[in-house]
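Chains as they are written, first to last, in this note's numbering: chain A, 10 to 275; chain B, 3 to 281; chain C, 3 to 289. All C-beta atoms in this analysis are idealised placements derived from N, C-alpha and C, irrespective of residue type, glycine included. Take a look at the structure set out below.
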Amino acid sequence: MPMDNFIFGRYLPMDSIIHKMNPAAKIFLCFYFVILVFFANSLLSYSAMCLFVIVLIFLSKSPIKMFFKGIMPLIWIILFTIAIQILFSSGGEMIYKIGIINITTFGIKNAIFLFMRFILIISLSTILTITTDPLEISSGISILLRPLKKLKFPVETFSLMISIALRFVPTLTDETKTIMDAQRSRGVDFGSGGLVKRVKSFIPLLIPLFVSAFKHADNLSIAMESRGYRINNRRTHYNNYGWSNFDTLSLFLAVFISMIIFILRK
Amino acid sequence: MANNIIDVRNISFKYGDANKNAINDLSFSIDEGEWVSIIGKNGSGKTTLINLLDGLIKSNNGDIIVDNLKIDNKNLDNIRDKIGIVFQNPENQFVASTVKEDVAFGLENRQYDISKMHKIVDNALKEVDMLKYKDSNPSKLSGGQQQRVALAGVIAILPKIIILDESTSMLDPKAKKIIINLINKLRIKNKLTVLSITHDMNEIQYSDRVLLLKDGNLIKNISPLKLFNELDDVENYGLEIPFSEKLRLQLKKNGFNIGNNYINDEEIVKWITQYYSKM
Amino acid sequence: MDNSVLFKNVIYKYQMNTPFQHTALNNINLKIKAGSFVSIVGKTGSGKSTLVKHINALLKPNSGTINVGNFTINSKTNNKNLKKLRRKVGMVFQFPEQQLFANTVKEDIAFGPLNFGYEENKIPNIVEHVSKIVGIDKDLLNKSPFELSGGQQRRVAIADVLATNPEILILDEPTAGLDPEGKKFIMNLINDLNKNQDITIILVSHQMDDVAKYSDEVIVMQDGNLVKQCYPDELFANTNLLKKYDLQMPVSVKINLMLNERGFKLNDLHLDEDDLINAIINKLKEC
Chain A
10 MPMDNFIFGR
20 YLPMDSIIHK
30 MNPAAKIFLC
40 FYFVILVFFA
50 NSLLSYSAMC
60 LFVIVLIFLS
70 KSPIKMFFKG
80 IMPLIWIILF
90 TIAIQILFSS
100 GGEMIYKIGI
110 INITTFGIKN
120 AIFLFMRFIL
130 IISLSTILTI
140 TTDPLEISSG
150 ISILLRPLKK
160 LKFPVETFSL
170 MISIALRFVP
180 TLTDETKTIM
190 DAQRSRGVDF
200 GSGGLVKRVK
210 SFIPLLIPLF
220 VSAFKHADNL
230 SIAMESRGYR
240 INNRRTHYNN
250 YGWSNFDTLS
260 LFLAVFISMI
270 IFILRK
Chain B
3 MANNIIDVRN
13 ISFKYGDANK
23 NAINDLSFSI
33 DEGEWVSIIG
43 KNGSGKTTLI
53 NLLDGLIKSN
63 NGDIIVDNLK
73 IDNKNLDNIR
83 DKIGIVFQNP
93 ENQFVASTVK
103 EDVAFGLENR
113 QYDISKMHKI
123 VDNALKEVDM
133 LKYKDSNPSK
143 LSGGQQQRVA
153 LAGVIAILPK
163 IIILDESTSM
173 LDPKAKKIII
183 NLINKLRIKN
193 KLTVLSITHD
203 MNEIQYSDRV
213 LLLKDGNLIK
223 NISPLKLFNE
233 LDDVENYGLE
243 IPFSEKLRLQ
253 LKKNGFNIGN
263 NYINDEEIVK
273 WITQYYSKM
Chain C
3 MDNSVLFKNV
13 IYKYQMNTPF
23 QHTALNNINL
33 KIKAGSFVSI
43 VGKTGSGKST
53 LVKHINALLK
63 PNSGTINVGN
73 FTINSKTNNK
83 NLKKLRRKVG
93 MVFQFPEQQL
103 FANTVKEDIA
113 FGPLNFGYEE
123 NKIPNIVEHV
133 SKIVGIDKDL
143 LNKSPFELSG
153 GQQRRVAIAD
163 VLATNPEILI
173 LDEPTAGLDP
183 EGKKFIMNLI
193 NDLNKNQDIT
203 IILVSHQMDD
213 VAKYSDEVIV
223 MQDGNLVKQC
233 YPDELFANTN
243 LLKKYDLQMP
253 VSVKINLMLN
263 ERGFKLNDLH
273 LDEDDLINAI
283 INKLKEC
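Structural data, given as structure tokens:
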């Protein structure tokens, strides 16, 4: 159940100060800090950022294991970029050179920063997904998109679309698993053989999946209409995410941390 | 006299490129508070009829009047306030990732304000005994629980008519029973009219009347007790002959005087044991 | 060759090494004899589907072994060499019409045999043969499977699996969602495959009437444990057991019991409905 884990398995319902934050504020701050990571350019500014993220992890009461799980799927990409940085960058003091391979102090320093950047970004997004359930994320996004309403962007429809898509993830994941099992039983080897054969082997999976997705969509639209849904009609919302003092405080905190990073920048 | 709540007058409907009417000059009416079952094989027009009644599709001919309102574009929202549908496949009627938000969907569409909405959702979930699953993900519930949640979503808008579109056909016998008992309870409490598409005699036996559809035509309008007696081809309507009925027919064939009406398991056991003790 | 299925100390855990880990199969030992009709019953989530998925190695045990004929499946079984096993063990999933994908019914049925390396010139015969078995008209063979009715799609999906000529056939709720006529057809078909073609049937079902009527043996699963393997009458005659395992009573058993409680005692337990009707009528006639 990889897809299931990717989106749902991450949320850990717990009682932390981060869990209780307004989802819109949380998403906004998550993006804000990810951008802030890119402004760090010195050992000190990176260290400050790391310290801050460690405090966040601590506040969110999330098990460290979950962060390793977030990093593991990307580990090869991370190692690859780091290897390129170490082996091929120029500048700084030369340590080792053979052929096109060029190991310099500058390269090593960059590689360390790059590594920290990866870890920081993954940790920040993991904090968001661990402490916010998918539904809150979709509500949060729709709150953040609200200004776009003025530009006639269908924010309401868009956010309902996201939440329905999220709601169907477990359903379609289950169906994918069953169809894969059924076709395996009929002798399909998913992902073996040459490229053409491999791609071809997914046709017996994808066609039934599309057929089923269309069927779901068709039936769901009938059910929604019968329950009084009309596209572009105004709707009220069951969930109202409150704005607490902590949310306000966290915005001030963001400004304060930005100042620190900019001071520590080179 | 009871009020006429659904009045269907000579409606016909044809799907785009079909060469035959899916619904063919159909007329019937249903009184307020009645429980009517609609039976017929797949393709007999049952689901088309439901879609017509809720204004999800428009008939080519004829009129449908629901609670004194004729179905047309102007009245659509009003009519949908009066009708709640529980569909066959729970998977295809949920929009939200939590039970409470799904039950609230119809209320959100009708622009209820938050404080009222929360109260109504809690009450509706209490009615179907699902309040403790309020925060659960509907797709993690059992089929029977899912249909109870769907039912809560329907009764939250206080409809006058509930349509069950094969709502119990995918459930196990135990879950079926729970749903049927719930409907029975709510029907009396909320003075509901129930229209149910079904193959299940355990459900049909509670209804006041049965409408038999075949190829878009209304073949019979009959009491459920007479079903097996007056029709020797019930299997052509997608209906299974229940054990008690098989037994009754065999007893009759063997010269026992057991009457012509449908009787259920409990009743036939009673009949047999009484007959036996009189010997 | 003996194609019996043998589970030895099979343990399977879902989502190993995560906070969500749970034991789906807990030390399962069982034997299913070749040529028998065995039903697996139990509540949703009791491990029935997980159990049968081990028989054609869709899942592999964390520990223990499964023998199917001369195949052995354990935690180290390689995914590469499973074709022979899967050809031997056919699997019909719940709502199997979900697996249909080809342009025509014919191509869909041919898909399995081609995967398993049947000679291409034999395919038309196979298609014709299995479509006849499941009652699909010849003129439907060139249609798209998506144009067919639900009941016909189900038959095609079963033909898909029969086309590879399995010696063991596993079916997970094969009649779910069908009308009574369709249900009867499928159950008769399965029974016929077992009795006349000697195919081992492993049926996962909630329909206790079918289980009681057709099976040689019943396996009861509860919370990942195999709690009982016995003859159907041994299970269904014992209402305490049914209650304990939370199983529905077959109608025939229910009527029998109700009659019994009211002093109308039949000599034998009749699981077959027609037998029960005859027994009741004979007893009433006697007096």
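Buried or exposed (CB count within 10 angstroms, at least 16 for buried), residue i
i, result
"B/Leu-109", "buried"
"A/Ala-92", "exposed"
"B/Met-172", "buried"
"C/Glu-121", "exposed"
"B/Gly-261", "exposed"
"A/Leu-157", "exposed"
"A/Thr-257", "exposed"
"B/Pro-92", "buried"
"A/Leu-262", "exposed"
"A/His-28", "buried"
"B/Trp-37", "buried"
"C/His-24", "exposed"
Residue i - containing beta strand (DSSP E), residue span
i, result
"C/Gln-224", "219-224"
"C/Gly-66", "65-70"
"B/Arg-11", "6-15"
"B/Asp-27", "25-33"
"B/Asp-65", "63-68"
"B/Ile-224", "219-224"
"C/Gly-92", "91-94"
"C/Cys-232", "227-232"
"B/Trp-37", "37-41"
"C/Thr-202", "202-206"
Contacts around residue i, its chain only, beta-carbon distance under 8 Å, and the 5 residues preceding and following it disregarded
i, result
"C/Val-54", "Ile-42, Met-93, Ile-172, Asp-174, Ile-204 and Val-206"
"B/Asn-263", "Leu-227, Lys-228 and Asn-231"
"A/Ile-112", "Ile-95, Leu-96, Met-103, Ile-104, Tyr-105 and Lys-106"
"C/Leu-180", "Gly-152, Gly-153, Arg-156 and Ile-188"
"A/Thr-166", "Ile-240 and Asn-241"
Chain-order list of residues whose beta-carbon lies under 6 Å from that of residue i (same chain, five-residue window excluded)
i, result
"A/Leu-21", "Ile-139"
"A/Glu-145", "Pro-32"
"C/Ile-201", "Leu-171 and Leu-195"
"C/Asn-76", "Thr-67"
"C/Leu-278", "Ser-254 and His-272"
Heavy atom of the ligand COA within 7 Å of residue i beta-carbon
i, result
"B/Lys-48", "The ligand COA is absent from the structure shown, which contains no ligands of any kind."
Span of the alpha helix (DSSP H) around residue i
i, result
"A/Met-233", "212-235"
"A/Cys-59", "52-68"
"A/Phe-42", "32-48"
"C/Thr-106", "Premise fails: C/Thr-106 is in no alpha helix (DSSP H) and is neither H nor E."
"B/Phe-245", "245-255"
"B/Asn-125", "116-129"
"A/Leu-260", "254-273"
Cβ-based neighbour list, residue i, same chain, cut-off 7 Å, excluding 5 preceding and 5 following
i, result
"B/Asp-104", "Phe-96, Val-97, Ala-98, Pro-140, Val-151 and Gly-155"
"C/Leu-249", "Val-43 and Met-210"
"A/Val-197", "Ser-210 and Pro-213"
"A/Asp-24", "none"
"A/Leu-169", "none"
Proximity test, Cβ basis, 8 Å: residue i and chain D
i, result
"C/Pro-147", "The chain inventory of the structure shown lacks chain D, comprising the protein chains A, B and C."
Between the stretch 36-65 of chain B and chain A, which residues of the former have a C-beta closer than 8 Å to a C-beta of the latter?
Answer in chain order: Asn-53, Asp-56 and Leu-58.
Can you give, in chain order, each stretch of the alpha helix (DSSP H) that sits fully within the stretch 24-86 of chain C and has at least 4 residues?
Runs of the alpha helix (DSSP H) lying entirely within the stretch 24-86 of chain C, each at least 4 residues long, are 50-55 in chain order.
Residues, ordered as in the chain, of the stretch 251-269 of chain C that lie near chain B by beta-carbon distance below 8 Å
Listed by position along the chain: Val-253, Ser-254, Lys-256, Ile-257, Met-260, Leu-261, Arg-264, Gly-265 and Phe-266.
Which runs of the beta strand (DSSP E) at least 3 residues long sit entirely within the stretch 112-191 of chain C? Give them in chain order.
170-174, all fully within the stretch 112-191 of chain C.
Contained alpha helix (DSSP H) runs [length at least 4] in the stretch 44-114 of chain B, N- to C-terminal order:
Listed in chain order, they are 48-55, 78-84 and 101-111.
In chain order, what residues of the stretch 159-182 of chain B put their CB closer than 8 Å to some CB of chain C?
Listed in chain order, the positions of the stretch 159-182 of chain B with a beta carbon within less than 8 Å of a beta carbon of chain C are Ser-171, Met-172, Asp-174, Pro-175 and Lys-176.
At 4 residues or longer, and completely inside the stretch 149-221 of chain B: list those alpha helix (DSSP H) runs for me, N to C.
Listed in chain order, they are 175-191 and 203-206.
Members of the stretch 228-262 of chain A near chain B, C-beta cut-off 8 Å
Close to chain B, meaning a Cβ-Cβ distance shorter than 8 Å, are the following residues of the stretch 228-262 of chain A: Asn-228, Leu-229, Ile-231, Ala-232, Met-233, Glu-234, Ser-235, Arg-236, Gly-237, Tyr-238, Arg-239, Asn-242, Arg-243, Arg-244, Thr-245, His-246, Tyr-247, Asn-248 and Asn-249.
Taking Cβ-Cβ distances below 7 Å as the criterion, which residues of the stretch 197-226 of chain C are in contact with chain B?
Answer in chain order: His-208.
Runs of alpha helix (DSSP H) wholly within the stretch 133-165 of chain A (minimum 4 residues, chain order)
With a minimum length of 4 residues, the continuous alpha helix (DSSP H) runs that stay inside the stretch 133-165 of chain A are 143-154.
Give the residues from the stretch 166-183 of chain A that approach chain B closer than 7 Å (Cβ to any Cβ), ordered along the chain.
For chain B, the residues of the stretch 166-183 of chain A that bring a beta carbon within less than 7 Å of one of its beta carbons are Ser-172, Ile-173, Leu-175, Arg-176, Pro-179 and Thr-180, in chain order.
May I ask you to list, following chain order, the residues of the stretch 208-223 of chain B that have a beta carbon less than 9 Å from some beta carbon of chain C?
Answer in chain order: no residues at all.
At a Cβ cut of 7 Å, what residues of the stretch 93-123 of chain C count as close to chain A, listed as they run along the chain?
The stretch 93-123 of chain C vs chain A, Cβ under 7 Å: Met-93, Phe-95, Pro-98, Gln-100, Gln-101, Leu-102, Phe-103, Phe-113, Gly-114, Asn-117 and Phe-118.
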